[in-house]
Amino acid sequence: MRVRDDDALGEPEFSMAPLIDVVFQMLIFFLVATSWATREQELDVELPAAQSASPAKSAPDELVIDVRRDGAFVLRGRVLPKDELERELATVARANPRTPVTIRGDRLVHHEAVVAAMDACGIAGLANLAVGTLDQP
Numbered sequence: 369m370r371v372r373d374d375d376a377l378g379e380p381e382f383s384m385a386p387l388i389d390v391v392f393q394m395l396i397f398f399l400v401a402t403s404w405a406t407r408e409q410e411l412d413v414e415l416p417a418a419q420s421a422s423p424a425k426s427a428p429d430e431l432v433i434d435v436r437r438d439g440a441f442v443l444r445g446r447v448l449p450k451d452e453l454e455r456e457l458a459t460v461a462r463a464n465p466r467t468p469v470t471i472r473g474d475r476l477v478h479h480e481a482v483v484a485a486m487d488a489c490g491i492a493g494l495a496n497l498a499v500g501t502l503d504q505p
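First residue of the sequence shown? That's 369 in the numbering used here, and the numbers climb one at a time after it.
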């Protein structure tokens, strides 16, 4: 019977390859598993400033209505006339009447258009409204 000589084998080698593989697998997992929900924002809307502006808490089902400078309504990336906006909002309200809605009116838009967006929400039955502004420097 032969006796093993541990000294003959030398130091065990530490391979970094499996560790790097595991780290990359974890990185990919967290990138895929992380919610990449971003707020829908129309680029053509320049918000007004307010002294009391505070960061909004974004809800996953929140709707954002952008009112552009020309008075056009943008919902989910689509430009809609007022009657179609009302239909879209009514569909949302039937599913969840407590859906939060943020109305982001351009700082140069006539208030009539922002009020029209609020009216459309009211007609649809959505009462959880907020108005988007920027914090005044």
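Cβ coordinates follow ideal geometry from the N, Cα and C atoms, glycine included.
Where residue 473 is concerned, the enclosing beta strand (DSSP E) starts and stops at 469 to 473.
Judged by their CB atoms, residue 492 and residue 461 are nearer to each other than the 7 Å cut-off. By the Cβ neighbour-count rule, residue 476 is exposed, with fewer than 16 other Cβ atoms within 10 Å of its own. Residue 491 is bridged by DSSP to nothing; it lacks a bridge partner. Membership of residue 390 in the alpha helix (DSSP H) is indicated by the continuous run 385 to 401.
When the alpha-carbon of residue 456 is set against those of 472, 433 and 438, the nearest one is in 433.
For residue 440, same chain residues with a beta-carbon under 6 Å away, outside a window of 5 residues either side, are 447 in chain order. In the three-state reduction of the DSSP assignment, residue 498 falls in the strand class, which pools E and B. Within the DSSP secondary-structure output, residue 441 pairs in a beta bridge with 435 and 448. Here residue 474 is near residue 437, since their CB atoms are less than 7 Å apart.
For the 7 Å CB-CB criterion, residue 453 and residue 481 do not form a contact.
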